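Below: the structure, in structure tokens.
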Amino acid sequence: MSEINGLKLEALTNGAHAEFHYTTLERAKGHEKVSSKCTKQLTPYEGSYNEEDRVYKTSMKNLSTDDIVASDKWRGDVYRSYRTAVKAMVGITIPAMAEAAKVLMQHIKDYRINTLSQLDKLTGDLRNFVGDLKEKYVDEVAALSLTEVVNELEKANEQTASLIKLRDIQNKSREVGAVRKARTATDKAYRALMKMINALILVEGEEEYADFVAEQNSLILRYKKRVLGQTVMNDKEDEGDEPTPEVKTPEITAIYQKEGGNPDNPLEIKRDAMTVVEGKNLYLLNAAGDGPGDLILKWPDSEIDEKIKTESISLHTDTRIEFRMVSDLTEGNYSFRIETYYNGEGNPPLAEPVVVTYPQYIKLI
4 MSEINGLKLE ALTNGAHAEF HYTTLERAKG HEKVSSKCTK QLTPYEGSYN
54 EEDRVYKTSM KNLSTDDIVA SDKWRGDVYR SYRTAVKAMV GITIPAMAEA
104 AKVLMQHIKD YRINTLSQLD KLTGDLRNFV GDLKEKYVDE VAALSLTEVV
154 NELEKANEQT ASLIKLRDIQ NKSREVGAVR KARTATDKAY RALMKMINAL
204 ILVEGEEEYA DFVAEQNSLI LRYKKRVLGQ TVMNDKEDEG DEPTPEVKTP
254 EITAIYQKEG GNPDNPLEIK RDAMTVVEGK NLYLLNAAGD GPGDLILKWP
304 DSEIDEKIKT ESISLHTDTR IEFRMVSDLT EGNYSFRIET YYNGEGNPPL
354 AEPVVVTYPQ YIKLI
């Protein structure tokens, strides 16, 4: 006699989990026999799924992220326009303007601002930079007719700072553990429904439920093979028969410059060069679950972490990460680590980060 097989729902990612229950719920509601005989199980199942869908969408949504990217680009463009204008004035034939340009050019060199720096670092650097221009170098800025450009730079920088603060508030207000709690309730309701359908088959016979069972088992088999990567020997195995998955230990196996590196010492990497990290089980996810985790450089004996900007990460898979190396760090040896809130198992994002440290120093040159 046919019955609905088991599935280890706890091992599904949030997206796959939601899609599995959406498909199952729609099928159950559309099946005449199941929908009429299992109302007491279907109603709480639908309610639990709707709550899971709500908190999942909330956990994935960050209204200010796109705005931050746009605002960060704006301030970068304004800064580069200012720098270009000052540089162009250094060789002007009008002595007063040339002298003002020389002073402002030295100011630019002193700050060594990199518009690809980590967001908060760049915000602080530009705030101090603009403060100097509006206090110490007012006359020089005016002499080159750059007052409006400086005001625009200040406006763009403060807008970016406000958006970063808003994102922090949004992240703080999220319901901690809400997705995990909602998933548990949905799984419980789902299993109650499947248990009821299997019981009805025993009592009433399988004829009127055969199509539902076949379709549901086909869905379960597909998730086992394609989502969980299991080798299924027996389609009728229940949840107690699921093989214990192999523990996925993340590991960094190599770091090197993507092009033009030193073949004799691949750990020598030029600042601002495209850099490759190779490894195993490198699932890069941040605490909110809506972006990549952190790639972190650290000077020996220093307490300051230098994080790679999210925008500098161009590729991240479980075996390979590519990013543009920070350009304004001091030359020398740095440790490298990854902090991610997913290890390839269970329900991401995790409550605590998984830290993966490369055992050797890399050398910035």
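Quick note on the numbering used here: the sequence shown kicks off at 4 and runs consecutively. Backbone N, C-alpha and C define an ideal beta-carbon position, used for all residues, glycine too. Since the structure is predicted, the reported quantities are computational estimates derived from the model, not experimental observations.
Between I71 and the set D297, K168 and T16, the nearest pair of CA atoms involves K168. Runs of the alpha helix (DSSP H) spanning 4 or more residues and lying entirely within the stretch 162-236 occur at 181-207 and 213-225, in chain order. S315 places its beta carbon 8 Å or farther from that of L166. In the DSSP assignment, N131 falls within the alpha helix (DSSP H) that extends over L122 to E138. About 11 Å separates the CB atoms of F326 and I258; that is not less than 8 Å, and the two are not in contact. The residues I258, Y259, Q260, G264, T278, M328, I365, K366, L367 and I368, in chain order, have a CB closer than 8 Å to that of I272 in the same chain once the five nearest residues on each side in sequence are set aside. Taking the Cβ atoms as the reference, P352 lies roughly 7 Å from A291, within the contact range of under 8 Å. Ranked by Cα distance from A146, the first of L224, V89 and Y114 is V89.
By the 16-neighbour rule on beta-carbons within 10 angstroms, K139 is exposed.
DSSP places K76 in the helix class (H, G or I) of the three-state scheme. Spanning the alpha carbons of A354 and Y344 requires a straight line of approximately 7 Å. Excluding its 5 nearest sequence neighbours in each direction, A164 has C-beta neighbours in its own chain below 6 Å: T126, listed in chain order.
Q260 sits in a strand when the DSSP states are folded into three classes. C-alpha of L203 to C-alpha of K283: approximately 46 Å in a straight line.
In this structure, H24 sits near Y52, with a CB-CB distance shorter than 8 Å.
Around the beta carbon of L205, fewer than 16 other beta carbons lie within 10 angstroms, which makes this residue exposed.
Nearest C-alpha to W302 among E218, L15 and E334: E334. Nearest to E151 by C-alpha distance, out of R130, Y85 and R274, is Y85. Put simply, the backbone Cα of E29 is about 9 Å away from that of E49. With at least 16 other beta carbons inside 10 angstroms of its own, E143 counts as buried. The beta-carbon separation of D331 and S120, rounded to 6 Å, stays under the 8 Å limit for a contact.
Residues of the same chain with a CB within less than 6 Å of the CB of A185, apart from the 5 flanking positions on each side, are E54, E55 and V58 in chain order. Between M108 and A101 the beta-carbon gap is near 10 Å, outside 8 Å, which marks them as no contact. Its Cα nearest to that of V358, the residue G296 stands out among T16, G296 and R115. Using a Cβ distance threshold of 8 Å, L156 and V106 do not count as a contacting pair.
Non-local C-beta neighbours of E218 in its own chain, meaning closer than 8 Å and more than five positions away in sequence, comprise R30, ordered along the chain. Across the set N289, E342 and I223, the C-alpha of I223 shows the shortest separation from the C-alpha of A19. Non-local beta-carbon contacts of A192 in its own chain, meaning distances under 6 Å to residues more than five positions away in sequence, involve P47, Y48 and S51 in chain order.
Burial of G347 is indicated by the presence of at least 16 other C-beta atoms within 10 angstroms of its C-beta. Between the C-alpha atoms of T320 and D214 there is a straight-line separation of about 39 Å. Rounded to whole angstroms, the gap between the alpha carbons of R115 and R83 is 12 Å.
Selection K310, R323 and L318 evaluated against Y337 yields K310 as nearest (Cα-Cα). DSSP places E22 inside the alpha helix (DSSP H), whose first and last residues are N17 to G33.
Put simply, of K312, P253, G294 and R274 the residue whose alpha carbon is nearest the alpha carbon of R323 is P253.
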